[in-house]
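Asker:
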Amino acid sequence: MLWLAQHHQRIIGIEISEIAVNAFFAENLLIPTVHRHQNGTKQYTFDEITILCGDLFEQQIDRIDAIYDRAALIALPPALRVQYAKRLISMLSEHGKMMLMTVSFPADELQSPPYRVTEAELAELFAGFQIRHLGREEATLEHPRRQQGVSYFHEDVWLIERAAN
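Per this note's numbering, residue -2 is the first one in the sequence shown, and the count goes up by one each step.
As structure tokens, this is what we get:
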């Protein structure tokens, strides 16, 4: 998020966990101003960084040009992913782009978060969008999931943008 803030005028994050929000600011030695909205959302602001602490589905924000999802989609069970994807699409400006991180591993070896998300599922969730695989990092044997006995564990990065008409 700090890198994004160095390259853009305004960054908005949405996080449901207040612990995670406080940890971000503490780890980066930043002291934000805090404002509570009428809907109960807390808004943390430091310079060009704003983090809304609350439910993504309840946030009222203008359309945005770029979305970065580090771990939200993979934290959701399959039943909630369609609703989540629709919400992201509704937030995206006409020429906006999304960068998503997903994980992959043998389906029968791990059933709890993070959940695996396949390229085929991304194609269904973001039908009508161009989806491009940007890269993959393969977990080493020292990775916690590999230590749990998962035979492979990959983190993938995807660029998702509206298809050209």
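Glycine is no exception: its CB is placed at the ideal position from the N, C-alpha and C atoms.
Note that the coordinates shown come from a computational prediction; the quantities given were computed from them, not determined experimentally.
Please name the residue in V114, V31, M88 whose C-alpha comes closest to that of L53.
Answerer: What you label residue 53 is simply residue 56 of the sequence shown in a count that begins at 1. Closest option to L53, Cα to Cα, is M88.
Asker: On a CA-only basis, which of H151, T137, H32, A68 is nearest F43? Give me that one, please.
Answerer: Mapped onto the sequence shown, residue 43 falls at position 46. Nearest of H151, T137, H32, A68 to F43, Cα basis: H32.
Asker: Taking the alpha-carbon of I28 as reference, which of Y81, R129, R78, T47 has the nearest alpha-carbon?
Answerer: One-based indexing of the sequence shown puts residue 28 at position 31. Nearest of Y81, R129, R78, T47 to I28, Cα basis: T47.
Asker: If Q56 sits next to T38, beta carbons under 8 angstroms apart, how far is it from one beta carbon to the other, in whole angstroms?
Answerer: Residue numbering aside, residue 56 sits at position 59 when the sequence shown is read from its first letter. Residue numbering aside, residue 38 sits at position 41 when the sequence shown is read from its first letter. Q56 to T38, Cβ: 7 angstroms. Contact.
Asker: Hey, E135 and K94: beta-carbon distance below 9 angstroms or not?
Answerer: Here residue 135 refers to the residue found at position 138 when the sequence shown is read from its first residue. Here residue 94 refers to the residue found at position 97 when the sequence shown is read from its first residue. No; because the gap between Cβ atoms is not below 9 angstroms, this pair is not in contact.
Asker: Which one or two residues does DSSP pair with I13 in a beta bridge?
Answerer: To locate residue 13, count along the sequence shown from 1; it is residue 16. Partner(s): none; I13 has no beta bridge.
Asker: Counting pairs of Cβ atoms below 8 angstroms between the region 138 to 148 and the region 117 to 124, do you hit three or more?
Answerer: Not touching, per the Cβ criterion.
Asker: So what's F123 in DSSP terms, helix, strand or just coil?
Answerer: By 1-based counting over the sequence shown, the position of residue 123 is 126. Note: F123 maps to coil in three-state DSSP.
Asker: Is it buried or exposed for M98, if we count other Cβ within 10 angstroms and need 16 for buried?
Answerer: As a position in the sequence shown, residue 98 is number 101, starting the count at 1. Buried.
Asker: Can you tell which of A82, Q40, R7 has the C-alpha that lies nearest to the C-alpha of A124?
Answerer: Walking along the sequence shown from the start, residue 124 turns up at place 127. Per the Cα distances, A82.
Asker: Helix, strand or coil, according to DSSP, for E106 in the structure here?
Answerer: For the purposes of this step, residue 106 is identified with residue 109 of the sequence shown, where counting begins at 1. It is coil, neither helix nor strand.
Asker: Between the C-alpha atoms of E91 and D62, what's the straight-line distance to the nearest angstrom?
Answerer: As a position in the sequence shown, residue 91 is number 94, starting the count at 1. As a position in the sequence shown, residue 62 is number 65, starting the count at 1. Spanning the two alpha carbons is a distance of roughly 8 angstroms.
Asker: From the DSSP output, in three-state form, read off I71 for me.
Answerer: Within the sequence shown, numbered from 1, the residue matching residue 71 stands at position 74. It is helical.
Asker: So, helix, strand or coil for A100, using DSSP?
Answerer: To locate residue 100, count along the sequence shown from 1; it is residue 103. Checking the displayed sequence, the identity of residue 100 turns out to be Val instead of Ala. V100: strand per DSSP, three-state reduction.
Asker: Have a look at L107, W0, V79 and flag the residue whose alpha-carbon is nearest the alpha-carbon of V147.
Answerer: Walking along the sequence shown from the start, residue 147 turns up at place 150. Per the Cα distances, L107.
Asker: Cα-Cα, which of G51, L26, F102 is closest to Q145?
Answerer: On the sequence shown, position 148 is the one that residue 145 refers to. Closest option to Q145, Cα to Cα, is F102.
Asker: Just the Cα atoms here: how many angstroms apart are N36 and L85?
Answerer: The residue labelled residue 36 in the question sits at position 39 within the sequence shown. The residue labelled residue 85 in the question sits at position 88 within the sequence shown. Going from the Cα of N36 to the Cα of L85 covers about 20 angstroms.
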